[in-house]
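**Q** Sharing a structure here in structure tokens format.
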Amino acid sequence: MSHTFQQKEFKATESGANAMPSSQPDFIKIRDFDFFYGDSQVLFDLNLDIPKQKVTAFIGPSGCGKSTLLRNINRMNDLIDGIRHNGDITIDDYSIFDPLLEVISLRKRIGMVFQKSNPFPKSIYENIVYSLRVAGRSKKSELDEVVERSLRGAALWEEVKDRLSESAFGLSGGQMQRLCIARAIANRPEILLMDEPCSALDPIATGKIEELIHRLKEEYTIVIVTHNMQQAARVSDRTAFFYLGKLIEYDETQKIFMNPGQKQTEDYVSGRFG
Amino acid sequence: MEPSYIRELEAIRSKFVLMSEIVLENAGSAIQALQDLDLDLAQQVVDRDKDVDRLENEIDADSIRYMTLRQPVASDMRLLTVCIKGTHDLERVGDEAKAIAKRVKMIKKETIAAATLRCIPEMAENAIGMLRDAVDALEGQNTEKAMGVIRRDREVDAMNRSNFEEYGQLMTQRANEAQSLLALILVSKSIERIADHATNIAEEAIFLVSGKEVRHSGIKSKVD
Ligand SMILES: Nc1ncnc2c1ncn2[C@@H]1O[C@H](COP(=O)(O)OP(=O)(O)OP(=O)(O)O)[C@@H](O)[C@H]1O
Ligand SMILES: [Mg+2]
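As they're listed, the protein sequences go chains W and V.
For the first sequence, our numbering gives the first residue as 1, with consecutive numbering after it.
For the second sequence, our numbering gives the first residue as 1001, with consecutive numbering after it.
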């Protein structure tokens, strides 16, 4: 496993501290992290730092644990019986497993977009404001504003602004996925987790989402799981390659795709695996 | 089982090796034709250069098609860029071999008889040896060998400079052989160019193995 990147990043932080006092490159820190479903361990001693307002891609063969790690970051796995972990994950140096932390408040900071878009059986408008209503916010002007801001943020506003009260199920696959992104950013989270967000989309819709990811990173810290190597290369700043629950290599995306340090990584990104 | 596109990549690599073998043979034959004033052999060199040009086009087309359809990364991508750049160097070596072959008929027997070939055979042996090593370094991913090629370029440069001086002086003394002597100056320049292309290919070999670009990096002075 490669630790060099963290060390490099750490040094850069120290020396760059004067130049950019407010920048906080390592936002999410994963430390000595093991994860178990019952008796079976699926993540092994993971250590990686995810920088703020950058796109980090998780790649690796099916079953290597990408989704499991992603779902740990917002504690989505809590719903599953028999799970257990060692080590820690911190956001802004605050442990997400702290017993005093309310999971609801954690999830407010983190939006999640899934492989299959999963709009609620409601109107486009209600899909976006749902979580705000649950939180007890119902002022029309406020909700209107959130809807417009989120839809603009997800590059969907122009396409749906005249049909906000229509069902979300009338949207195309690509539009639905962008609606889910709009819903994920409605609460102004800091982190966006995306698990194969484009796997069901055509190249045009995929291009739109990728362009959107590119824009969203100005505001959000994005972690994306993808099986599409070209997509990882196009959208991410850093790439982590996992194999059988272990982090094999984590580095600048261009390093991973141009000249990776590990043979396993090279074999995987160049399609020689298995 | 190996994925089929790995075999496609292997086929491009084999074509590159074939092209380099033809170019090496042509360069050697051109020098032989010069030493023996063998016009038939010289003509063969000129004719065979068409194969070199054809292979350059094929390898470039194959590489571009592979990049478009397979979207290679990492060392696969480097191999293809090295093939495209390397075929360009090989094609130029082929042109220099052809140029040498074409000069053979400008050279008089007495110029050769007077042993005025000077260091041309040795210089050619060096340059062609560098090309052989550069191609081997590329094939065997051997950076040590590639460094050796880069190191030797200076010797060939020095030989070319002394040829220029000596043939220049001879021209004033032996005006009736001026055309022969001019041809030898141009041959010397062609050999020096062959060594330059060998050096380029050696630099590409280093890039292929390490991913590091060593052109224009002052490596030539560093390896001394
Ligand atoms: N709820 C669960 N209970 C038990 N095992 C699980 C559960 N979810 C996932 N696993 C196992 O954990 C391992 C990692 O699965 P995970 O879904 O994280 O992989 P992945 O890298 O996201 O794969 P894919 O690319 O196919 O989505 C797999 O072996 C999987 O079978
Ligand atoms: Mg998954």
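Every residue gets a Cβ at the ideal spot worked out from N, C-alpha and C, and that includes glycine.
Here the structure is a predicted model, which means the values were calculated and not measured.
1) What does the alpha-carbon distance come out to for the pair S123(W) and G136(W)?
2) Is the shortest distance between the beta-carbon of R163(W) and the beta-carbons of chain V less than 8 angstroms?
3) In chain order, what residues of the stretch 241-256 of chain W put their CB closer than 7 angstroms to some CB of chain V?
4) Using a Cβ-Cβ cutoff of 9 angstroms, what residues of the stretch 1067-1081 of chain V are near chain W? List them in chain order.
5) Helix, strand or coil for I222(W) per DSSP?
6) Using only the heavy atoms of ligand 4, determine whether one of them is closer than 7 angstroms to the beta carbon of G173(W).
7) Let's see if you can read the secondary structure: which residues bound the alpha helix (DSSP H) around Q231(W)?
8) Are there any heavy atoms of ligand 1 lying less than 7 angstroms away from the beta-carbon of S199(W), as far as the coordinates show?
9) Taking 7 angstroms as the cut-off, is the C-beta of D195(W) nearer than that to any heavy atom in ligand 2?
10) Report back the beta-carbon spacing between V269(W) and M194(W) to the nearest angstrom; my notes put them in contact at under 8 angstroms.
11) With a threshold of 8 angstroms, are at least 3 pairs of Cβ atoms found where one atom belongs to the stretch 207-222 of chain W and the other to the stretch 167-184 of chain W?
12) Is V42(W) near ligand 1, going by C-beta to nearest heavy atom under 7 angstroms?
13) Do S1029(V) and Q1044(V) come within 8 angstroms of each other at the CB atom, strictly closer than that value?
14) Measuring alpha carbon to alpha carbon, tell me which of L1034(V), E1192(V), D1038(V) and R1054(V) ends up nearest M1019(V).
15) By the three-class DSSP mapping on this structure, what secondary structure does R84(W) have?
16) Relative to the C-alpha of E126(W), which candidate in K108(W), V146(W), K116(W) and E159(W) has its C-alpha closest?
17) Closer than 8 angstroms, CB to CB, is S23(W) near chain V or not?
18) Between the beta-carbon of L106(W) and the beta-carbon of R75(W), is there less than 8 angstroms?
19) Report yes if the CB atom of R1032(V) is closer than 8 angstroms to the CB atom of L1041(V), and no otherwise.
20) What runs of the beta strand (DSSP E), each 3 residues or longer, lie entirely inside the stretch 148-198 of chain W?
21) Would V1017(V) be called buried (16 or more neighbouring beta carbons within 10 Å of its own) or exposed?
22) Suppose the cutoff is 7 angstroms on Cβ atoms and the five residues either side in sequence are ignored; what does the same chain contact list for F241(W) look like?
23) Could you spell out the range, first to last residue, of the alpha helix (DSSP H) harbouring E1165(V)?
24) Could you tell me if the beta carbon of I116(W) falls within a distance shorter than 7 angstroms of some heavy atom in ligand 2?
25) I1006(V) versus chain W: which residues are under 8 angstroms apart at the beta carbon?
26) Got a sec: is the Cβ-Cβ distance from P51(W) to anything in chain V below 8 angstroms?
27) Any heavy atom of ligand 1 closer than 7 angstroms to the CB of G65(W)?
28) Just confirm the distance between the C-beta atoms of I91(W) and A186(W), as a whole number of angstroms; I'd bet it's less than 8 angstroms.
**A** Quick answer:
1) 19 angstroms
2) no
3) none
4) R1070, Q1071, P1072, V1073, A1074, S1075, D1076, M1077 and R1078
5) strand
6) Because ligand 4 does not appear in the structure shown, any question about it cannot be addressed here, the ligands present being ligand 1 and ligand 2.
7) M229 to V235
8) no
9) yes
10) 20 angstroms between Cβ atoms; not a contact.
11) yes
12) yes
13) yes
14) R1054(V)
15) strand
16) V146(W)
17) In this predicted model, S23(W) has a pLDDT of only 47, less than 50, meaning its place in the structure is not dependable enough to derive any value.
18) yes
19) Looking at the sequence itself, residue 1032(V) is Gln, so the reference to Arg does not match. Closer than 8 angstroms, so yes.
20) 191-195
21) exposed
22) I59, G60, I248, E249, I256, T265 and Y268
23) T1143 to Q1173
24) Looking at the sequence shown, residue 116(W) is not Ile but Lys. Not so, every heavy atom of ligand 2 lies at least 7 angstroms from the Cβ.
25) R272
26) no
27) yes
28) In fact, because the Cβ distance is near 20 angstroms, the residues do not count as touching under 8 angstroms.
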